[in-house]
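Chemist: Got a structure here, written out as structure tokens. Questions coming.
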């Protein structure tokens with residue numbers, strides 16, 4: 012399993028936990044170091060503005076990625092796309108090298124089911 016796959020798995024696991032506990036989630040992040048260790052990151056804001064929290068996480072990602080030991084950073088957001096609930100993940104390798112993946116999801120009882128990437 013490569014670093015992106017590890018990070019994706021960790022992001023989905025955390026999203027599932029938040030969704031089952033709260034029915035939604037604020038933006039959060041995680042990154043992987045060269046040794047394969049994962050670190051979870053959260054943002055705090057006096058408001059509950061998701062854009063503000065995302066911007067805080069993004070600034071932190073750019074700072075953390077200056078450390079050559081940090082390989083890849085991801086920021087996850089809860090969203091809607093074409094009437095579906097979706098998990099939006101921004102993978103950040105550097106300020107110039109970013110890509111996004113979007114996964115629809117449904118909450119079914121005590122389980123969250125993620126669909127294929129759209």
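Numbering (our numbering), first residue to last: 12 to 129.
C-beta atoms are modelled at their ideal positions from N, C-alpha and C, and glycine is treated no differently.
All of these numbers come straight from a predicted model, not from anything done at the bench.
1) Quick one, which of 23, 39, 104 and 98 has its alpha-carbon nearest residue 63's?
2) Kindly identify the DSSP beta-bridge partner or partners of residue 115.
3) Rounded C-beta distance between residue 61 and residue 88? I'm assuming under 8 Å.
4) Across the segment 82 to 96 and the segment 19 to 39, are there enough close Cβ pairs to call them in contact, namely three or more that are closer than 8 Å?
5) Quick check: what's the CA-CA separation for residue 95 versus residue 116?
6) Thinking just about the alpha-carbon of each residue, which of 112, 43 and 125 is nearest to the one in residue 78?
7) Please give me, in chain order, every unbroken run of the alpha helix (DSSP H) with length at least 4 that falls completely inside the segment 27 to 88.
8) Thinking C-beta only, is residue 30 closer than 9 Å to residue 97?
Modeler: Taking the coordinates as given:
1) 39
2) 97
3) 7 Å
4) yes
5) 8 Å
6) 43
7) 61 to 75
8) no
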